[in-house]
Amino acid sequence: MRSNNSPPSIPQVGHGSSSGKLKLVTLGAVASLPFFLAAMQLNGHKVTSDYELTPISLPGASGVVALDYFAYDRSTGKLWVPASNTGNVDVIDESSDAVSQVTGFKTGEVELRGRKITLGPTAVSVGDGVVYIGNRGDSSLCVIDAQTLKRGECLEVAPPSAGPAAAPDAVVYVAATKELWITTGAPPIGVASADKAIQVFDVSEPRHLKLKLKIPLDGSAEGYAVDNQRGLFYTNIEELGKTVAIDVRSHKVIAEWKVHDDLQGLTLDSARGFLFVACGDHVVSLDVAHGGRLIDSLITGPGLDNIDFSSDQKLLYAAASVTATLSIVEVGDDGKFHLKALVPTVKGARGVVAGKGETAYLIDP
1 MRSNNSPPSI PQVGHGSSSG KLKLVTLGAV ASLPFFLAAM QLNGHKVTSD
51 YELTPISLPG ASGVVALDYF AYDRSTGKLW VPASNTGNVD VIDESSDAVS
101 QVTGFKTGEV ELRGRKITLG PTAVSVGDGV VYIGNRGDSS LCVIDAQTLK
151 RGECLEVAPP SAGPAAAPDA VVYVAATKEL WITTGAPPIG VASADKAIQV
201 FDVSEPRHLK LKLKIPLDGS AEGYAVDNQR GLFYTNIEEL GKTVAIDVRS
251 HKVIAEWKVH DDLQGLTLDS ARGFLFVACG DHVVSLDVAH GGRLIDSLIT
301 GPGLDNIDFS SDQKLLYAAA SVTATLSIVE VGDDGKFHLK ALVPTVKGAR
351 GVVAGKGETA YLIDP
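End of the sequence shown sits at 365 in our numbering; the numbers just go up one at a time, nothing left out.
Right, dumping it as structure tokens:
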């Protein structure tokens with residue numbers, strides 16, 4: 001979980017002399033379009049300046065909005081953005097940039113790092129014809145119809161009085177088993193999971209949530225990637241600096257790797273069996289099809305959060321909030337990294353979701 005006040009997007013990203021555009025999805029009004037000059041370097045790589053930043057404003061926001069997870073639905077071409085303390089979930093059409101809203105989510109005041117802030121919906125996962133929303137404001141899960149945007153049932157994960165340690169963090173649909181997996185807490189900002197477990201809900205009826213079981217862990221889960229092909233769920237254990245693989249059918253941890261002490265997001269190339277892990281200021285490639293062997297590492301700059309991989313384009317996206325850069329990385333059949341472009345963003349921008357073609361969306365503070 002990060003405190004930001006908006007999310008962005010990046011369409012038609014190229015390299016060399018070709019031009020591209022960055023769509024900046026912003027909560028609130030934007031007065032001007034910034035243009036960046038290629039005046040800096042990162043680890044010897046020159047920042048590309050061929051990208052125009054085009055903002056998309058999201059309505060109803062004022063001040064800081066605590067954004068976290070957002071998701072792209074390939075079947076509908078929609079980007080789903082839970083807008084936290086606005087009490088809304090914003091839905092952006094990829095072809096027109098038009099913004100629709102699902103309104104009326106509860107918000108609540110919680111204490112984080114010694115100060116009270118208002119939170120609402122912050123997590124999302126695309127299911128079978130529906131979209132699942134996790135709400136930190138009232139510790140609930142809700143179901144939304146992906147086509148009509150009508151909200152269905154909501155279920156309390158924990159009493160709101162249990163605080164952020166028991167509230168939903170990541171919400172993850174596992175298609176192989178028709179389950180919804182929920183992590184809790186906010187590990188990156190020091191809020192450990194209350195039960196140190198993953199909650200598993202039966203969603204064989206997509207519009208109905210039924211608690212099935214809990215998977216005990218030896219720490220707080222942070223980040224995730226799902227391999228429905230092999231039936232595996234990957235997550236990081238925040239306190240122990242390790243990455244684990246969980247069998248989605250037995251619900252047992254079957255492998256673990258000590259990757260790095262500072263772990264953030266995960267993403268997966270399931271076709272070729274490569275797992276990519278964000279580690280502070282760099283990303284690594286693991287050959288999980290062959291025991292988790294470390295294949296490669298690439299410096300991105302510090303301040304990573306959630307990263308993403310486009311299986312169609314074979315591109316890895318990683319946004320470094322401190323250096324204000326987006327690394328666009330080609331991944332070879334051997335799992336090795338080849339930096340395609342280093343694109344300037346804005347200070348604090350982190351968290352990336354791959355969209356259609358060479359489009360990607362990222363969170364802008």
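All C-beta atoms, glycine included, are put in the ideal place defined by N, C-alpha and C. Every value quoted in this text rests on a predicted model; they were computed, and no experiment measured them.
Cβ-Cβ separation between L286 and L339: approximately 19 Å, too far for a contact (criterion under 8 Å). Spanning the alpha carbons of S250 and W257 requires a straight line of approximately 20 Å. By the Cβ-count criterion, E156 is exposed, with fewer than 16 other Cβ atoms from all chains shown falling within 10 Å of its own Cβ. Measuring C-alpha to C-alpha distances from A158 to each of V174, D195 and R350 identifies D195 as the nearest. Rounded to whole angstroms, the gap between the alpha carbons of I92 and A354 is 14 Å. Around the C-beta of P302, fewer than 16 other C-beta atoms lie within 10 Å, and the residue is accordingly described as exposed. Under the 8 Å Cβ criterion, the segment 275-295 counts as touching the segment 327-337, having at least three qualifying pairs. The beta-carbon distance between A324 and T300, rounded to whole angstroms, is 12 Å. This is too long to meet the 8 Å contact definition.
Sorting V99, G87, E330 and G163 by C-alpha distance to the C-alpha of F274 places E330 at the top. G348 and L266 have their C-alpha atoms spaced approximately 19 Å apart. Beta-bridge partners assigned by DSSP to L342: S327. Sequence-distant Cβ neighbours of D269 in its own chain, meaning closer than 7 Å and more than five residues away, are F309, S311 and V331. In this structure T183 is not in contact with A192, their Cβ atoms being roughly 11 Å apart against a cut-off of 8 Å.
For the set V322, S321, R350 and L316, the Cα lying nearest the Cα of T359 is the one of L316. Residue pairing from DSSP places V191 in a beta bridge opposite A186. Each residue's CA atom was taken as its position, placing G185 and E179 some 20 Å apart. By the Cβ test, the segment 230-242 is not in contact with the segment 204-213, since fewer than three Cβ pairs between them sit closer than 8 Å. When C-beta atoms of the segment 140-148 are compared with those of the segment 73-92, three or more pairs fall below 8 Å, so the two segments count as touching. Rounded to the nearest whole angstrom, the CA to CA distance from L304 to L240 is 18 Å.
T118 sits in a strand when the DSSP states are folded into three classes.
In this structure, A175 is the residue among A289, A175, P187 and V131 with its C-alpha nearest to the C-alpha of V248. Counting only residues of its own chain and dropping the five nearest sequence neighbours on each side, A271 has a CB closer than 7 Å to the CB of S311. Counting C-beta atoms within 10 angstroms of its own C-beta, G104 has fewer than 16 neighbours from the protein chains shown and is therefore classed as exposed. I189 is not a Cβ neighbour of L217, given a cutoff of 8 Å. In the DSSP assignment, E156 forms a beta bridge with S140. Measuring C-alpha to C-alpha distances from S57 to each of V203, S96, C279 and K150 identifies S96 as the nearest.
In the DSSP assignment, G108 falls within the beta strand (DSSP E) that extends over G108 to L112. By the Cβ-count criterion, K78 is buried, with 16 or more other Cβ atoms from all chains shown falling within 10 Å of its own Cβ. Per DSSP, V259 lies in no beta strand (DSSP E) and is assigned neither H nor E.
Contact between A320 and I328 does not hold, since their C-beta atoms are separated by about 12 Å, which reaches or exceeds 8 Å. At least 8 Å separates the beta-carbon of L112 from that of S84.
The three-state secondary structure of V288, taken from DSSP, is helix. Here I246 is buried. Its C-beta has 16 or more other C-beta atoms within 10 Å. Under the criterion of beta carbons closer than 8 Å, S100 and L149 qualify as touching, at roughly 6 Å.
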